[in-house]
Structure formats: C-alpha cells, structure tokens
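Asker: Protein chains in written order, with the numbering used here: chain A, 1 to 129; chain B, 1001 to 1361. Backbone N, C-alpha and C fix where the C-beta goes; we use that ideal spot for every residue, glycine too. Quick caveat: nothing in here was measured; it's all calculated off a predicted structure.
Printed below as a string of structure tokens:
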C-alpha cells in the first residue's frame, strides 16, 4: 500500500492534494482495499457546497455502502464524472485517475489540521492494532 | 467469541479477508467478490460452508415427524433425493428454510442456516413427534464446489459416476479417499456439488479439491460472492429476506408449501392466509435509475413508504441494480413500478421476473 508524501489525509481515509486554494479529494489506497470492488459512486455536482467533516457522497462495493467525508469546506469546482461509469478506477488508481472532486476552499487553516503521510501511516497502524 | 470452521487456518493462510457472520469467523473474500463471482459463473469456485448446521432425524417415526414440521412434501422425495422447504411455527412464521436430504425414511438430514443451528434444533427437538433428533452440526463440515466445471473437477477425485447424480440427488461416496455425502445441490444457480464430510477431514478435502481444480481455474470463494450469486438467482436469505414474522407465502415460497399433503405445522394458518389474501409479498425488482438498493431501504408509492427492500446489490453478471422487496399485493405483478428511497432520493424501480440471471446453456 502506498501513501504519497505530497498528500494530506483524514481519519476517515480521504486524501487531498492542495494546489493553491484548491483541494483535489479522493479516498486512500487503504480505503479502496478495505472496501473491495467498488461498483458505484455518488458525487456532488459542480457548484455544490461541502463542509469539512461532513458527507459529500458515497462509494459502494458489492457488499457495503461507505460515506465520503470532505477534508475541507468550500465549493465544488470540478467532479470526476467518468467515475460514475468506471467506479473500478478508484480501486485501480486511488491517488490519480481515481480522484473524486476538487474543492475551492476559503480557510487554509482547515488543511493544517489534516495528517501528513507519516502521521496517517501511524494512525492506520494504531487503528488496526 | 465467534466460532471458527475447521478451515479457518487454511483461509487465513490463503489470504482471505475474515468477517464475522452469524457468530462465525468466515472468509468474505479472497481475490475480490467480482472475480470470485465470475469464476463460479464461468469456471468453478470452492466455498467453505461448514458454518451451516446439520440436524438428523432417525428412527421409525423420523419421516412422519419431519413431514409434520416441513412445508414441502417429503412423500414426493425418494431416498437419495433432497428437497427444499421451510420449517414453520403454528402461526406460519418461518423458523428456517432448510434442505432435507432423505437417506432413508428413518434417516433424514436437515441442513439448516448457521445463525439458526441452536434455534432449529430446539424447535425440532421440542416438536419431535417421537423421532430421534440429533444436532450433528459440529461433527460435519460442508464444502460447496460450484460452477460449470465443478463436475469435471470432482470426477478426478472420485470413482462415483457423477453423471448419474441428478440435480437435488445425492449419494455416499469417497472423494480423495475421504468418506462424503456427495450432493448435487448449491446456492449459486450453477451446476455443482455440496460435500458433507467429517469435520476433521475438511482441510484435506479442501486441499484435494483445490489441487484437482487448478487446471480448470478453480477459485476459493467467500461469503461475499455467495451472497451476490444467490441474489442473482433470487434465492432467499434467512434473516434478511424472511424471518419468524413472515410466512413462506409472503416470502414467495408457495411452491414449497404443500397445503394438501396432510397436517403440518403452520398449515392451518397459511390456509387461512391464502384464503384471506396476503398483505405483502416478496418480489424481485431492478432499478431503472442509478443507485444500489440495500436491505432496509423503504419502498415508496406516491412518496409514501409501503414496503421495504430486504436484499440488494449491483448484479456482477448483469451490471444492473437488483433487489428483493416486500410490497403490497397491488405492486407485486411483473411490470409494476415503485420507487426505492436511497438515502433520501427516490430511485425508480420495476418488478421483474426472477431469477434475475439465467444460466448459460
């Protein structure tokens, strides 16, 4: 399992890549592995507001439904629409092709509260103990 | 503490992901549910279903007693034949859905659901009508070899001529030198076998089957694929699609209720229910809008809840969202439309004929 160093992570297993005041959001390699074959995603639309820590959509595997929680608050400016026809992309490439939404955020302080790769790895180890 | 089958260590070594199901630590998947599902539809898969229970009726009263506890007609089940049906309470509620393997009129094996092992035994023992009832669940392991290449794989390990065992028939025989009850039954909709053997033999039998199946592309399978395979066939799952509060008529199992076979537990209640008409019925449906129906989602008619989804998934074989739901009789006919409340969004659904999936010829 990989956890790129240039990303920030949440305890709910989302990642985000910060570019200026934009955050690209997806779920981690660990999350996709735990879910198993992803067969459905439900994402917000461009222009929708999302709030840090609140649900912005769901991913579903054959067996289970899992909510997606936003790492930041702001407005959705891009959605990875091809995922709705090819949700398995999230299993195959969680950090690049499997990105879900891009959010324009207002409060940069929110991103400071997110974990870096080392902290997330440690968090995972503690969680599975 | 959850129980483990004799194959627990084999599963862990093979990289299975273990979950707790009905008080058992069972593999939910090895490779992935879609890969395992596909292997059973296209080739052959091997499942550990040792969590299932076995209750045996013996003695001169065995046949008569079980006939009074079972909704189907064991009089139409020959020695060496298996029959699916329900055990019902006096009021018609389903205690369990089971398969009876009739070895002889004085020796019938009842295969029960894992979650119901003790409940069924208590129920059957409490209404034994003079039969000897034994809970042999711990003594037996069960492996299910399922898929179009199952017979070819199993034939390599046994001198029993498998082509002589018809669907829902069984025989005693040796597989890889181990004594088994070899039954042409299953829960996947594919051709296949369920092998009952002494618990301690399960790891040997598993390994022999995996080796014999290598060339055919055998895949070990978990409960995830078992569930998606059974749902494509609209096979009911006890505890999800039905329970003690639903009758077989409501659950769409009237084909295994023989009201005219003579007196049996639940007969009078179901006779009355049939005459009065049902208030709900389990139907198969597909979504005609995006989403995946799940157990517990409400069925909506004109925005009001009128029923509930009991099982749902995205069918790996068909690519569409399928499910089972209790609906009012007025919505039960094929082609009827309703909506499913998926997290506050009403997704359109249509009642369809089941099974959802038709086996490849």
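Kindly indicate which three-state DSSP category residue 1184 of chain B falls into: helix, strand or coil?
Answerer: It is coil, neither helix nor strand.
Asker: Against chain B, does residue 50 of chain A count as a neighbour if the rule is that its beta carbon must be under 8 Å from one of theirs?
Answerer: It does not: the Cβ of residue 50 of chain A has no partner Cβ on chain B nearer than 8 Å.
Asker: Counting only the same chain and skipping the five closest in sequence on each side, list residues whose C-beta sits under 7 Å from that of residue 1245 of chain B.
Answerer: Cβ within range, chain order: 1093.
Asker: Compare the C-alpha of residue 6 of chain A against each of A/30, A/96, A/54 and name the closest.
Answerer: When each option's Cα is compared against that of residue 6 of chain A, the closest is A/96.
Asker: Give the interface partners of residue 60 of chain A over in chain B, defined as CB-CB distance under 8 Å, in chain order.
Answerer: Near residue 60 of chain A (Cβ distances below 8 Å), the residues of chain B are 1292, 1314.
Asker: Our contact map puts residue 1132 of chain B next to residue 1058 of chain B with C-beta atoms below 8 Å; I'd like the distance itself, whole angstroms only.
Answerer: Rounded, the Cβ-Cβ distance is 4 Å, consistent with contact.
Asker: Along the chain, where does the alpha helix (DSSP H) containing residue 1228 of chain B start, and where does it finish?
Answerer: Per DSSP, residue 1228 of chain B belongs to the alpha helix (DSSP H) from 1223-1232.
Asker: Can you tell me whether DSSP reads residue 8 of chain A as helix, strand or coil?
Answerer: Three-state result, residue 8 of chain A: strand.
Asker: For the region 22-47 of chain A, enumerate the residues whose C-beta is nearer than 8 Å to any C-beta of chain B, in chain order.
Answerer: Answer set for the region 22-47 of chain A: 36, 37, 39, 40, 42.
Asker: Which of helix, strand or coil does DSSP assign to residue 90 of chain A?
Answerer: Reduced to three states, the DSSP call for residue 90 of chain A is helix.
Asker: Tell me which residues share the same chain as residue 1010 of chain B and place their Cβ nearer than 7 Å to its Cβ, disregarding the 5 neighbours each side in the sequence.
Answerer: Closer than 7 Å at Cβ, skipping near neighbours: 1203, 1206.
Asker: What residue range does the beta strand (DSSP E) around residue 1101 of chain B cover?
Answerer: Where residue 1101 of chain B is concerned, the enclosing beta strand (DSSP E) stretches over 1094-1104.
Asker: Comparing the C-beta of residue 79 of chain A with each C-beta of chain B, is any distance below 8 Å?
Answerer: For residue 79 of chain A, the answer is no, since every Cβ of chain B falls outside 8 Å of its Cβ.
Asker: At a Cβ threshold of 8 Å, is residue 65 of chain A touching chain B?
Answerer: At least one chain B Cβ lies under 8 Å of residue 65 of chain A.
Asker: Roughly how many angstroms separate the alpha carbons of residue 2 of chain A and residue 1135 of chain B, rounded to a whole number?
Answerer: Between residue 2 of chain A and residue 1135 of chain B, the C-alpha separation is close to 49 Å.
Asker: Taking 7 Å as the cut-off, is the CB of residue 1223 of chain B close to at least one heavy atom of the ligand GTP?
Answerer: Of ligands this structure carries none, so the ligand GTP is not represented either.
Asker: Looking at the secondary structure, which residues open and close the beta strand (DSSP E) in which residue 128 of chain A lies?
Answerer: Looking at the DSSP string, residue 128 of chain A is not in any beta strand (DSSP E); the run it does join, the alpha helix (DSSP H), is 117-128.
Asker: Which residues in the same chain have their Cβ closer than 7 Å to the Cβ of residue 1090 of chain B, if we skip the five residues on either side of it in sequence?
Answerer: Hits under 7 Å: 1265, 1266, 1269.
Asker: Under the DSSP definition of a beta bridge, which residues are partnered with residue 1145 of chain B?
Answerer: Paired residue(s): B/1046, B/1193.
Asker: Which value, in whole angstroms, describes the spacing of the CA atoms of residue 1055 of chain B and residue 1063 of chain B?
Answerer: Distance between the alpha carbons of residue 1055 of chain B and residue 1063 of chain B: 14 Å.
Asker: Under the assumption that residue 1234 of chain B contacts residue 1284 of chain B (Cβ atoms under 8 Å), give the Cβ distance between them as a whole number of angstroms.
Answerer: Residue 1234 of chain B to residue 1284 of chain B, Cβ: 5 Å. Contact.
Asker: For a cutoff of 8 Å on Cβ pairs, would you count residue 1029 of chain B as touching chain A?
Answerer: By this cut-off, residue 1029 of chain B is an interface position.
Asker: Just grab the DSSP bridge partners of residue 1031 of chain B for me.
Answerer: Paired residues: none, contrary to the question.
Asker: If we count the other Cβ atoms within 10 Å of its Cβ and call it buried at 16 or more, is residue 1049 of chain B buried or exposed?
Answerer: Buried is the call here.
Asker: Identify every residue that forms a DSSP beta bridge with residue 15 of chain A.
Answerer: BP columns for residue 15 of chain A point to A/9, A/26.
Asker: Could you pull out every residue in the same chain whose Cβ sits closer than 6 Å to the Cβ of residue 1188 of chain B, ignoring the five residues on either side in sequence?
Answerer: Only 1040, 1146, 1229 meet the Cβ criterion.
Asker: Using the rule of at least 16 other Cβ atoms within 10 Å of the residue's Cβ for burial, across every protein chain shown, is residue 1330 of chain B buried or exposed?
Answerer: Exposed, since its Cβ has fewer than 16 Cβ neighbours within 10 Å.
Asker: Is it the case that the region 114-123 of chain A contacts the region 7-27 of chain A, given that we only count it when at least three CB pairs across the two stretches are under 8 Å?
Answerer: Touching, yes, given that three or more Cβ pairs across the two stretches are closer than 8 Å.
Asker: How should residue 33 of chain A be labelled, buried or exposed, when 16 other C-beta atoms within 10 angstroms of its C-beta is the threshold for buried?
Answerer: By the 10 Å Cβ count, residue 33 of chain A comes out exposed.
Asker: Per the DSSP calculation, residue 1198 of chain B is bridged to which residue(s)?
Answerer: Beta-bridge pairing links residue 1198 of chain B to B/1140.
Asker: Confirm, please, whether the CB-CB distance from residue 1287 of chain B to residue 1321 of chain B is below 8 Å.
Answerer: Yes, Cβ-Cβ distance for residue 1321 of chain B and residue 1287 of chain B is below 8 Å.
Asker: Residue 1238 of chain B and residue 1096 of chain B - do their beta-carbons sit closer together than 8 Å?
Answerer: Cβ distance < 8 Å, so residue 1096 of chain B and residue 1238 of chain B count as in contact.
Asker: Leaving out five residues on either side along the sequence, give the residues of the same chain with a beta carbon under 6 Å from the beta carbon of residue 1291 of chain B.
Answerer: Excluding sequence neighbours, residue 1291 of chain B sits near 1342, 1347.
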